[in-house]
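Trainee: Here's a structure for you.
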Amino acid sequence: MSSYARSISILWMFMAFLLSANNAMAVSLYIEVTNSLPQNLVLNVICSNIDHAIHLMIPDTTIAWDFRDAFS
């Protein structure tokens, strides 16, 4: 096998290892919602993965969720 083909093979094996290792890593996701609707409209927001509550957001208010989970 030529050195070029060997380096490509090693690169593919390394990428496959990284992709399989990445599937089991912990993931952190931060979601922020701000009500900027016109005419004083109230925004109804729910996040069923975190608190199962309906949040009534008046204009210019913000709510945030922080997801920390391990995906496999």
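Just so you know, the sequence shown maps onto residues -26 to -1, 1 to 46 in mature numbering (1 follows the signal peptide of the UniProt record, and there is no 0).
The C-beta atom is built at its ideal place from N, Cα and C for all residues, glycine as well.
What does the alpha-carbon distance come out to for the pair residue 11 and residue 22?
Mentor: Distance between the alpha carbons of residue 11 and residue 22: 23 angstroms.
Trainee: Tell me where the beta strand (DSSP E) around residue 17 begins and ends.
Mentor: Taken as a continuous stretch (DSSP letters only), the beta strand (DSSP E) holding residue 17 covers 17 to 20.
Trainee: Distance, Cα to Cα, residue 46 vs residue 29?
Mentor: Bear in mind that a pLDDT of 45 at residue 46, under 50, signals an unreliable position, so the model cannot answer this.
Trainee: If you count every other CB in all the chains shown that lies within 10 Å of the CB of residue 18, and 16 or more means buried, which is it?
Mentor: Residue 18 is exposed by the Cβ-count criterion.
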